[in-house]
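Taking it in order: structure first as structure tokens, then the write-up.
2 protein chains.
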Amino acid sequence: MSMTNNYELYKVFYWAAKTGSLTQAAKALYLTQPSVSHAIKQLEERVGLTLFYRNAKGVSLTQEGKILFSYIEQSQILISLAEEKMEALKSLESGELRIGGSDSLFKHYLLPYLEDFHVRYPGIKLHLKHGTTPEVISYLKEGRIDLGVVRMPIVDAQLEVTESTELQDCFVAGERYAELGGQTLTMEELMKYPIILFSRNSRVRMAINELFEKYGHELKPDIEVGSVDLLIEFARRGLGISYVTREFVAKELKEGSLFEVKLDVEIPPSKVGIMVMRNLPISAAATKFIEMVP
Amino acid sequence: MSMTNNYELYKVFYWAAKTGSLTQAAKALYLTQPSVSHAIKQLEERVGLTLFYRNAKGVSLTQEGKILFSYIEQSQILISLAEEKMEALKSLESGELRIGGSDSLFKHYLLPYLEDFHVRYPGIKLHLKHGTTPEVISYLKEGRIDLGVVRMPIVDAQLEVTESTELQDCFVAGERYAELGGQTLTMEELMKYPIILFSRNSRVRMAINELFEKYGHELKPDIEVGSVDLLIEFARRGLGISYVTREFVAKELKEGSLFEVKLDVEIPPSKVGIMVMRNLPISAAATKFIEMVP
DNA sequence: ATTAGTCATAGACATGATCTATATCTCCTC
DNA sequence: GAGGAGATATAGATCATGTCTATGACTAAT
Chain A
1 MSMTNNYELY
11 KVFYWAAKTG
21 SLTQAAKALY
31 LTQPSVSHAI
41 KQLEERVGLT
51 LFYRNAKGVS
61 LTQEGKILFS
71 YIEQSQILIS
81 LAEEKMEALK
91 SLESGELRIG
101 GSDSLFKHYL
111 LPYLEDFHVR
121 YPGIKLHLKH
131 GTTPEVISYL
141 KEGRIDLGVV
151 RMPIVDAQLE
161 VTESTELQDC
171 FVAGERYAEL
181 GGQTLTMEEL
191 MKYPIILFSR
201 NSRVRMAINE
211 LFEKYGHELK
221 PDIEVGSVDL
231 LIEFARRGLG
241 ISYVTREFVA
251 KELKEGSLFE
261 VKLDVEIPPS
271 KVGIMVMRNL
281 PISAAATKFI
291 EMVP
Chain B
1 MSMTNNYELY
11 KVFYWAAKTG
21 SLTQAAKALY
31 LTQPSVSHAI
41 KQLEERVGLT
51 LFYRNAKGVS
61 LTQEGKILFS
71 YIEQSQILIS
81 LAEEKMEALK
91 SLESGELRIG
101 GSDSLFKHYL
111 LPYLEDFHVR
121 YPGIKLHLKH
131 GTTPEVISYL
141 KEGRIDLGVV
151 RMPIVDAQLE
161 VTESTELQDC
171 FVAGERYAEL
181 GGQTLTMEEL
191 MKYPIILFSR
201 NSRVRMAINE
211 LFEKYGHELK
221 PDIEVGSVDL
231 LIEFARRGLG
241 ISYVTREFVA
251 KELKEGSLFE
261 VKLDVEIPPS
271 KVGIMVMRNL
281 PISAAATKFI
291 EMVP
């Protein structure tokens with residue numbers, strides 16, 4: 001099994017056979033002719049067969065040399081392809097980037113960066129895998145994604161988290177509750193209105209529930225939805241007051257279809273975190289992407 | 001084109017990936033673990049990508065490492081196959097042997113050796129290529145055969161000729177000319193009988209013509225044939241006196257269907273020569289075959 | 001005959017592969 | 001939680017061997 005042959009010798013053999021000249025092979029390999037001559041001789045000794053006819057014009061393969069060449073040629077071509085591929089991966093001309101996160105973060109936060117990245121590195125395939133924070137963390141630990149984008153705080157010793165933009169959650173309502181514009185409500189006052197919250201297992205939902213509990217209240221939603229788009233839509237249509245991330249409704253706030261309902265309690269801002277596995281190397285594509293996200 | 005990578009590193013990479021352990025790879029390669037660790041690190045530096053995740057149980061491939069492996073694995077398999085094939089060629093389990101010569105030498109002289117060789121090395125394909133002496137020589141020079149078997153003398157500086165058995169040509173006749181048995185004829189006397197000779201361009205024919213010329217005679221055949229079998233058959237049926245190689249009619253002489261017609265001039269014996277190209281390496285199979293022929 | 005190309009050989013040299021020894025880390029067991 | 005058994009990493013010394021220069025030998029063509 002795999003004799004004690006130096007594979008480097010096959011490279012020399014390949015070029016000598018391909019060019020039909022030890023001198024040419026030496027040039028291709030940036031070696032001197034005697035080195036090549038010596039290498040070929042050594043290969044012949046180790047294989048135990050004469051591989052080349054030497055003549056005044058160069059070298060040509062013997063029968064046995066031809067047989068060896070038929071294998072080695074394929075082998076060398078594969079190595080060349082491998083090296084090209086590695087070059088492409090390194091320069092991000094090729095490869096893939098697998099990102100985990102919530103749909104809302106993909107849509108409202110990550111989208112422009114994903115677009116930039118795709119335009120700049122069109123050869124990289126993007127795989128977006130959505131899930132809740134704990135799901136994303138396990139995808140990461142299973143090696144199914146390269147990085148995860150979730151709400152902070154994340155406390156996990158195995159993860160390395162980079163804090164990204166700060167996001168401010170807030171309550172918003174539509175025209176139907178126009179009278180609340182400009183007012184600052186207490187928690188009790190707010191809770192008299194129908195409340196629309198994101199589904200139970202989300203980070204944002206947990207955060208606002210905790211905040212209310214801290215002040216001795218229990219915030220129970222009248223409507224519970226599974227997407228940020230629905231939170232926005234329901235609020236616009238006057239079905240209640242939605243708790244959303246202010247940055248995600250920037251358009252609606254600006255055009256006036258939604259307005260913020262201020263609370264007398266400060267809602268702590270939350271940050272977006274970009275997670276990768278601590279102590280595990282990060283792919284070239286992932287490294288570049290993280291660089292591009294502020 | 002073929003970066004400055006040492007292909008030896010790919011061998012280490014292959015085993016590390018295959019075994020999932022630098023320690024195991026080191027064992028497979030008869031190296032120490034630090035050597036393998038160092039080699040992998042070097043490969044990663046040269047490729048510019050991290051290829052392995054290191055963990056407490058061993059190593060596993062990164063995405064990029066997996067891609068590299070898919071190429072390198074094929075490449076290594078080809079090299080292994082090549083090495084097996086070379087081993088087979090060297091040990092004569094595989095390969096081919098191309099011999100040139102005349103049909104009569106194949107049938108009457110070489111046949112038993114060819115049989116022996118085939119029994120002993122059944123994996124070697126035998127190619128027999130028949131032709132006249134000059135044809136055989138050019139086949140040899142064109143590299144279309146490994147060795148040639150012809151009548152001596154051969155004078156060609158490019159050829160290396162080994163003399164083999166000595167053959168004695170002689171005149172033979174069948175029952176029809178029974179009165180010649182035991183007699184010794186002169187050339188003149190012989191020429192009164194119908195003579196059967198091998199075709200003009202053969203070595204044997206040239207030799208006997210020269211011999212007669214030397215004594216001032218011109219030996220013209222009444223019948224000219226193209227095979228030794230016909231020489232024998234025609235003589236047996238009494239169509240004339242055939243000039244044949246005595247060793248090739250040993251059976252007929254013994255059983256009495258032919259007898260020798262002695263001449264008062266000594267016919268010089270001729271040797272069989274085995275030719276190979278001088279200064280060119282000889283295949284393992286050809287070397288072995290030449291050894292087996294006395 | 002000369003020249004210009006080929007490959008082979010010899011011996012010096014230096015690169016770099018490999019080793020030993022040790023550190024570091026993680027997982028698993030008690 | 002302490003300790004052991006396994007893994008890989010690091011550092012530095014050593015020495016094998018790949019590589020070079022210089023030269024030789026040979027061939028083919030001018």
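Sequences listed follow chains A and B, in order.
Take 1 as the starting number for the first sequence in UniProt numbering and just add one per residue.
Take 1 as the starting number for the second sequence in UniProt numbering and just add one per residue.
Beta carbons: idealized from backbone N, C-alpha and C, even for Gly.
Can you tell me which residues form a DSSP beta bridge with residue i?
i                            : result
valine 225 of chain A        : A/Phe198
serine 37 of chain A         : DSSP lists no partner for serine 37 of chain A.
histidine 130 of chain A     : A/Gly101
phenylalanine 212 of chain A : Looking at the DSSP assignment, phenylalanine 212 of chain A forms no beta bridge with any residue, so it has no partner.
glycine 58 of chain A        : A/Asn55
alanine 17 of chain B        : DSSP output for alanine 17 of chain B lists no bridge partner at all.
arginine 151 of chain A      : A/Val272
alanine 235 of chain B       : In the DSSP output, where bridge partners are listed per residue, alanine 235 of chain B has none listed.
tyrosine 10 of chain A       : DSSP output for tyrosine 10 of chain A lists no bridge partner at all.
aspartate 264 of chain B     : Per DSSP, none; premise fails for aspartate 264 of chain B.
phenylalanine 106 of chain A : Partner(s): none; phenylalanine 106 of chain A has no beta bridge.
isoleucine 241 of chain A    : A/Ile195
isoleucine 124 of chain A    : A/Gly95
glutamate 163 of chain A     : A/Gly273
leucine 185 of chain A       : A/Leu263
Tell me whether the beta-carbon of residue i lies closer than 9 Å to the beta-carbon of residue j.
i                         : j                        : result
isoleucine 196 of chain B : leucine 239 of chain B   : yes
leucine 68 of chain A     : isoleucine 40 of chain A : no
glutamate 247 of chain A  : leucine 167 of chain A   : yes
valine 36 of chain B      : leucine 22 of chain B    : yes
glutamine 76 of chain B   : lysine 27 of chain B     : no
methionine 185 of chain B : leucine 253 of chain B   : The sequence given here has leucine at residue 185 of chain B, not methionine. In this structure, leucine 253 of chain B does not lie closer than 9 Å to leucine 185 of chain B by Cβ.
serine 202 of chain B     : serine 138 of chain B    : no
isoleucine 79 of chain A  : tyrosine 71 of chain B   : yes
Under 7 Å Cβ to Cβ from residue i, same chain only, skipping five residues before and after it: list those, please.
i                        : result
leucine 49 of chain B    : Glu64
leucine 81 of chain A    : none
glutamate 163 of chain B : Met152, Lys271 and Gly273
leucine 128 of chain B   : Ile99 and Phe106
leucine 61 of chain A    : Ala17, Leu51, Phe52 and Phe69
Determine whether the Cβ of residue i lies closer than 9 Å to any Cβ atom of chain B.
i                         : result
methionine 275 of chain A : no
serine 283 of chain A     : yes
tyrosine 7 of chain A     : yes
leucine 78 of chain A     : yes
leucine 140 of chain A    : no
leucine 280 of chain A    : yes
aspartate 146 of chain A  : yes
serine 2 of chain A       : Low confidence applies to serine 2 of chain A: its pLDDT is 36, below 50, so where it sits in the model is not reliable enough to give any reading.
So that I know if they touch, is there some Cβ in chain A lying closer than 9 Å to that of residue i?
i                        : result
alanine 26 of chain B    : no
alanine 82 of chain B    : yes
lysine 85 of chain B     : yes
aspartate 156 of chain B : no
leucine 219 of chain B   : no
residue 340 of chain B   : Nothing in the structure corresponds to residue 340 of chain B, since chain B is present only between 1 and 294.
aspartate 169 of chain B : no
Within a Cβ cutoff of 6 Å, which residues of the same chain sit near residue i, ignoring the five residues on either side of it in sequence?
i                            : result
valine 161 of chain A        : Ile154, Gly273 and Met275
glutamine 158 of chain A     : Arg278
alanine 25 of chain A        : Trp15, Ala16, Thr19 and Val36
glycine 181 of chain B       : Phe259
asparagine 6 of chain B      : none
phenylalanine 171 of chain A : Ile241, Tyr243 and Val261
leucine 205 of chain A       : Contrary to the premise, residue 205 of chain A reads as arginine rather than leucine in this sequence. Excluding sequence neighbours, arginine 205 of chain A sits near Leu197 and Phe198.
Looking only at its chain, what residues have a beta carbon closer than 8 Å to the beta carbon of residue i, apart from the 5 residues adjacent to it on each side?
i                         : result
isoleucine 208 of chain A : Asp169, Leu197, Leu219, Tyr243 and Ile267
residue 298 of chain B    : Chain B is shown from 1 up to 294; residue 298 of chain B falls before or after that span and cannot be answered.
alanine 286 of chain B    : Leu97, Asp146, Leu147 and Val276
Measuring only from the beta carbon, is residue i closer than 8 Å to any heavy atom that is part of the ligand NAP?
i                     : result
valine 172 of chain B : Although the ligand NAP was asked about, the structure shown includes no ligands whatsoever.
Interface residues of the region 48-75 of chain A facing chain B [CB-CB below 7 Å] | Result list: Gly48, Leu49, Thr50, Tyr53, Thr62, Gln63, Glu64, Ile67, Leu68, Tyr71, Ile72, Gln74 and Ser75.
Would you list, in chain order, the members of the region 88-101 of chain B that have their beta-carbon closer than 8 Å to a beta-carbon of chain A?
-> Leu89, Lys90, Gly95 and Glu96
Contacting positions in the region 102-134 of chain A - beta carbon closer than 7 Å to chain B | Among the residues of the region 102-134 of chain A, none has a Cβ less than 7 Å away from any Cβ of chain B.
Please list the residues of the region 32-48 of chain A that have a C-beta atom closer than 8 Å to any C-beta atom in chain B, keeping them in chain order.
-> Taking a C-beta cut-off of 8 Å against chain B, the contacting residues of the region 32-48 of chain A are Val47 and Gly48, listed in chain order.
Looking at chain A, which residues of the region 178-211 of chain B have a Cβ within less than 9 Å of any of its Cβ atoms?
-> Answer in chain order: no residues at all.
Chain A contacts from the region 230-251 of chain B (Cβ-Cβ distance under 9 Å) | none
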